[in-house]
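Q: Residue numbers (the UniProt record's numbering), protein chains in the order written: chain W, 1 to 681; chain E, 1 to 681; chain B, 1 to 681.
This is the structure, below, for whatever I ask next.
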């Protein structure tokens, strides 16, 4: 509760449109670069690497995040001079630096001397040296040692003018189940609940005789357990990550100039939900992540949506801290992207709000787990075929940076993404077919087809800027969230709730009001019974599958939008979607997962009802993305298909990449156009 | 051996037709109800729950089986008054009570204080609190504590007139591999074999140098091991469960009035064979189990057969202690049954010998692992849509109870189901395609199509009441069992052995007579060689697949029933089934798994040869079930299909549910008819 | 490095054509027999077993390899008299004996008393008694006890004239991760690298901060780790097996007469690569293995190739120490081979260089894990149907032995198989579709279609005898190997390298010269970039899939053999295969996995260019195998298909099995012909 309130307060403090607060270096231009590991190479080589970077248009590198054993080869013995030399040499080539703190990979001497710093997994197995992420985020000793090394690094290079940002750790992944973490868990519960009576009551532990009479009895593992416990465990893990990261951020804040930004790279699984990614970004200046394709090719909607999710973490532009130079090394089939597709991917991220694209990695170490990953430079030290395509991105960014600096996507429609709800459904799916990301994307596609920008934000985010808000699978609706959503509707907003919404309260208990629980009164209707479907059921104009709910309107002004047809007997002719106008706003409930045609029709109508102005139409396979700011509006067009496309423009636009003005644009496969209109919206 | 003899003696003591011994309360009428957890709810709510139960026709509830932490909140501190109040309040609504002993879920204080009571799994991992079944059935301390709590409960409510039965634990599932269990295993072996020389000889431990020179060397885990050891381990586990359960039954017998029955609910996996379910039911008054469908819909043959199996555990009527109110929460897709299907399922179990149907559960706790399970009452405390269908079952049962009380299925044909054989084949399958339950069902379907009742009983059960007995996959035939079967044949019975029969002796050793081992002489033929098939082979009139044996008739009166065609070379034109008349009886051996047409033809002929009178014909998708007793014969008809069906009756029958008499009946999908004829057969 | 040099030196010491060194008993005739376990049966039965063996033509048995508990029933108490009696009784039937040392199955008293002798697996779990292979190969105590028992056995029967050979252990399988093994690993690394600085440098441990400052920090487990470490771990495991085996071989060498051979049976997974099988055969006299089919039927190419691989382990004839009497007991479907197929399998192994075929097993123990395995004798002690087919093999071998003794396959073409490369690709596959054995077989099939004999040998083997050498996936090319291959080419040899060749050096580091690394200069070309393919790409005359490399010719005389068509953009019209003549020899590089037609065409051309004389043509489904020696040339023809085949012979040949001479031969399905020509090649 306290956490949610904090989030809400944090939101309230942010003016709704202030997506891009006074930019630190992070958003002053478009950044291009790669991850570079000078500690892996003879110093004599460094200049040639930087020369080749500069030659393809790089203006940034990330360094240091795996260099602990180089910086502190044995306990208390430091060598930071090389890092300073690398930073300064980069400056000579006008390449800025982001420093990674090396806490993702403790040296062998550290974990050898202090095995209590090693992570213990859900099976009780202690991690060992040889890979990465072997440390415990909950270890007091490890946190102390992290402060120490981060402080030394900040002392050494924190005030170098060439250093523009810091990344804390890399790709936060696995929590730990060691004794220190266990103690922290019990302390966390005690702080939250105060008494075991309260915990027993809220978790309903009379069920299965689970009642706790001592805090230490409460299980601490990631197995299947009481849903109340499981949801709290996720929140505890989130808080452990926040504390682990904050421990380093505190040191950095105290030592770094204000112009320098702090981020963490949250890795390549944008949708992942091991912990709450809104919370982890609180206290950071910029969100960043990895955009990797893996096997196959770019799925434009899925990748667009996940970049929107990342933009939503802080509701401002972000960095793509890693992306693939053609291919990766870890996918089932680590194939190469098509020629031009690496560039299209970079531009898609920019179109969705990225201000930086860094390739992983510049050059592969000669040994180690990732020697077969795509890179810009081969083991012989000379450019690989992909280098030329990256150089083209470099040229693009140089041209487009003035137009795009200070702009960001400006959406009037948002999709809500809520970790509590995702966890709650993950814990109790009822059917293996319910794919929450897939459900979200089913709503995303028709909205994105209509608009150059769609937001994906937390349920607790400020909503007044949106004309339409869609909340798929909002399973957990605490009272505070219900009030927040009701206020949006009463303020004239149009809210759509998807199925499974409002079943649970903040303790993952069943709400004693039928769905949508605390919003049922506002809706003037409720769910009589939910059903996991083994067979599709008919609805007006199409079908529903996987999940359907039996709805009832309980007030005269609750209108039935859609009905089931002859279905499974239980649903026949009952309402499948109901809506109720509330002042100038409205609240709508979809009771089932509808097919594409039905969903598309419903959302087109919703856009019209909410008076959302559609962006200009583009052919299928072409994606339109828009960024706005400082009086400029920039449209980015990408042809994601395998055939050429012709796009008529609604007005004359300036062609940023090729010069001149256009009224229409032809796009080859993987073709990109960046078009500016000076006028305000 | 001793165990088998005990079983045979137990059988001998039971008159063959005495399927329904002097009924305790368990079978005095049709029972309907659900599992109710008063300890999870405010006492003020109880009356409303009982009122709603009574309103849908309930006459029984099960309570208490997860209430240990409520009854004994800390060691030695008891509160049983609430339980007494709940029992007495139910009495006011004329709702009888079955009390569950709560030993499936020890409280946190218990396992926290005495971790030696926790189960250790096959990987050596000790279970923890937070789910259920975390206890060791072999822990002397846990057994002592179970006696204590059960005694306290019996003292408190054992003599309440409203309590009609007790259930010991719930859904016995996993054995334990803790040190106490290990010691018990070695003691068990020593008691069985006396000397290691004998064990070494019977297990042939010279193979792979396994010879044991100390009892403690004998492995104790569920991994792949010597088949003799593995079979004994299953028997040991059975004996551990028997002792764990008997420990509580002894307390209850000493304290309860004679009218009260004792059962255990053996859970939803009727076919499961973690332990011997005939043995576990010895010493109980009534068998009970859970009939859950999970994903999809009712498979009428499979579900009918498994209910017959359950009836065979004690060879008398049984209870369905749990069934789904529409849907469950644990299946891959936990879909709802069709309207009417829940009722059809209830009636099918009654048709196969159930005297009680209880839904799990009345109302879901607000938190805990199963909050999304189907229930009769929603989280808001009011009926869910399924409630009306359950009320229809209530009305049905009220009308039908007088006709059905004291009746049970009366089969003239039995299928033998043998745990030793199932284990032996599980341990050494030779082909992953050999599905023992599937093989049994292949015989069951044509027999059930012909008859209103088919028994599924232990191989050691009394057989004289049957005209025809089919033993599929009777892999293990100890000498005593061979004598039992030979006696049946010599007494005029008709015995069919399926393939894989008679390969092993009681120590899971290869019999040194070729199959069917000790019955080969009686058969006058034998198996030359068995073959796991990778391709089907031809037989007269069809094919065989998965398994085929090369048979030879060795006496002139052993007749070849069926031959292989041009098959795989080894089998070409050899006998595929042979039979030999023995007095008025016969013994037949099927050497292969035949296709449906061939199996159907063989079994139709077998019914005719055994002079079994077929019941009246019904359309496909309609199932006919019969129960008899006290001079009444009741036919239950269910339309399991999705289309209406017309059934002509062989004589005028009384329509129990709708009144009047009928000469034909029309059944909608999921339709049920209950028809009585007064005359004896 | 030292290991590789030793191997090269060992090769250098072996004259290239000396595939069959002065034969010990192993190759003086064709051997036929089975595994016999007299310790499992009453001594009174032995004579009947031996009589039945003799009757089907057996001339050898293997005994003893699971008899430790019979020989040493308690510590220090020996009984070897029975073994001596068994050996001498066999002699009476003129059946020779191979003695197995029983170290695969320590007795229960041994591991009970000394648990430090038990293997610890990769999950840290200590093995237990009850199966086999529960011992640690690295345990000093176990090695000492192995010396002791082997010495006792050699003392007892080592000088029996009837004993012709010894097999050390059986089917070496799993290494151990116990503390003694861990110490040995660190000692091994220290001996190899001398200093941690060197190790850190060669493994590039600056990557992921893996730098080691103490030998004990180096991980010891089989998980994913630094590729340099992983490759060394495989070499360490190999050395542990070599030492474990050498420990016993030393005892035997000291006690046995020179005429007696020593082998180990390397089991049924011929392609397996848990350790280096060239190294394990060094120091043995004869290679032996198990040829099991498992589910389904004989894949003639795959089984032919794996027998060639086995022949290549020592580059001489070998023993099939176990094969299936019709069927096994462990396959998913353990079906029977077709009538005649067991004989065809035996003859195929002889055609590929086997001098002995032993069935497993003679008779199954009455209990134990393998009682359902195929055998020659049933549990009743009389022959099973397969016995007659084995007797036919006995008759065949008696007729053919004079012609075949002293002959062996004499190939002019070799395929290189390299464990370092297989491991390196296994560790870093980049695509799950790259099946190294499948790739090898794609080259093998067209070569085998053209030739009666193809060798599969180590990359370091002497190559001068071959006109054409194909190296598929030769990923790891140390400098010494590069020199060896270059020398072959410069000496007039024709070398084809497949894709992925020459990427890594001996430390599994990326070679800093682009592929094929140290052979790029000789090739006059290189790989610009490799690609794992998710879609097929076009090449002249067909397609490539799974893997393709972008080649460039860098010298005028490097000729493009094949080009990509319009492919994935990156490869369009680039070279897909290049070749360069070097004196009379040539070096060729295939950049992709081509389809069958393209591969066949390329290899047909390569055979022509290398002036390899093709053997006479036979119909599809018929396999031609040739053995030569002592002035004889023997052709073995097998019809692996399901239809009869007619084969025209190029000259008149002597029909060994049926007598007379032939100019053509008709082969029924599974039909075998053995045809001799007296003339020299």
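Glycine is no exception: its CB is placed at the ideal position from the N, C-alpha and C atoms.
Given that residue 129 of chain B touches chain E, what residues does it touch there, using C-beta distances under 8 Å?
A: 210, 217 and 219
Q: Do you know whose CA, among W:530, W:447 and W:439, lies nearest residue 623 of chain W's CA?
A: Scanning W:530, W:447 and W:439 for the CA closest to the CA of residue 623 of chain W turns up W:447.
Q: Going along chain B, which residues have a C-beta under 9 Å from residue 506 of chain E?
A: Close to residue 506 of chain E, with beta-carbon spacing below 9 Å, lies no residue of chain B; the smallest spacing is near 12 Å.
Q: Could you name each continuous beta strand (DSSP E) segment of 3 residues or more that falls completely within the stretch 146-219 of chain B, going from the start of the chain to the end?
A: 163-167
Q: If residue 50 of chain E sits next to residue 93 of chain E, beta carbons under 8 Å apart, how far is it from one beta carbon to the other, in whole angstroms?
A: 4 Å
Q: Excluding sequence positions up to five away, which residues of its chain have a Cβ less than 6 Å from the Cβ of residue 489 of chain W?
A: 495, 582, 585 and 587
Q: Report yes or no: do three or more beta-carbon pairs, one from the stretch 595-615 of chain E and one from the stretch 539-551 of chain E, lie closer than 8 Å?
A: yes
Q: I need the boundaries of the alpha helix (DSSP H) containing residue 427 of chain B, first residue and last residue.
A: 419-427
Q: Within 8 Å, do at least three Cβ pairs link the stretch 447-459 of chain W to the stretch 409-417 of chain W?
A: yes
Q: Considering just the uninterrupted stretch of the beta strand (DSSP E) at residue 113 of chain B, what are its terminal residues?
A: Per DSSP, residue 113 of chain B is not a residue of any beta strand (DSSP E); the alpha helix (DSSP H) it occupies stretches across 108-113.
Q: Pick out the complete beta strand (DSSP E) segments inside the stretch 35-101 of chain B, 3 residues or longer, and give them in chain order.
A: 60-63 and 96-100
Q: Name the two residues that bound the continuous beta strand (DSSP E) containing residue 573 of chain E.
A: Careful: residue 573 of chain E lies outside any beta strand (DSSP E) and carries neither H nor E.
Q: Within 10 angstroms of its Cβ, does residue 606 of chain B collect 16 or more other Cβ (buried), or is it exposed?
A: The residue in question, residue 606 of chain B, is buried, as its Cβ has 16 or more Cβ neighbours within 10 Å.
Q: Does the separation of the CB atoms of residue 71 of chain B and residue 83 of chain B fall below 8 Å?
A: yes
Q: Scan the stretch 275-313 of chain W and note each continuous beta strand (DSSP E) run of 3 residues or more that stays entirely inside, going in chain order.
A: 286-291
Q: Quick one: is residue 79 of chain E near chain W, going by C-beta distance under 8 Å?
A: No - not a single Cβ of chain W is within 8 Å of the one on residue 79 of chain E.
Q: Short of 7 Å Cβ to Cβ, which residues in the stretch 329-344 of chain W face chain B?
A: 329, 332, 333, 334, 335, 336, 338 and 339
Q: By the DSSP assignment, the alpha helix (DSSP H) with residue 484 of chain E in it spans what residues?
A: 479-490
Q: Please check if any C-beta of chain E sits within less than 8 Å of the C-beta of residue 689 of chain B.
A: It is not possible to answer for residue 689 of chain B, since the shown part of chain B is limited to 1 through 681.
Q: Flag residue 575 of chain B as yes if its beta-carbon sits less than 8 Å from any beta-carbon of chain W, otherwise no.
A: no
Q: Just checking my contact of residue 323 of chain W with residue 276 of chain W at CB under 8 Å: how many whole Å lie between their CB atoms?
A: With a Cβ gap of about 24 Å, residue 323 of chain W and residue 276 of chain W do not count as contacting.
Q: Excluding the five sequence neighbours on either side, which residues of its own chain have a C-beta within less than 6 Å of the C-beta of residue 476 of chain W, listed in chain order?
A: 420, 421, 424 and 504
Q: Which class does residue 264 of chain B belong to by DSSP, given the choice of helix, strand or coil?
A: strand
Q: What separation, rounded to the nearest whole angstrom, lies between the Cα atoms of residue 195 of chain W and residue 187 of chain W?
A: 12 Å
Q: Check the Cβ-Cβ distances between residue 378 of chain W and every residue of chain B, and say whether any is below 8 Å.
A: yes
Q: Taking the continuous alpha helix (DSSP H) assigned at residue 247 of chain E, which residues delimit it?
A: 227-255
Q: Write down every uninterrupted run of the alpha helix (DSSP H) in the stretch 514-598 of chain W whose length is 4 residues or greater and which is fully enclosed by it, in chain order.
A: 520-523
Q: Quick one: does residue 188 of chain E have its CB under 8 Å from some CB of chain B?
A: no
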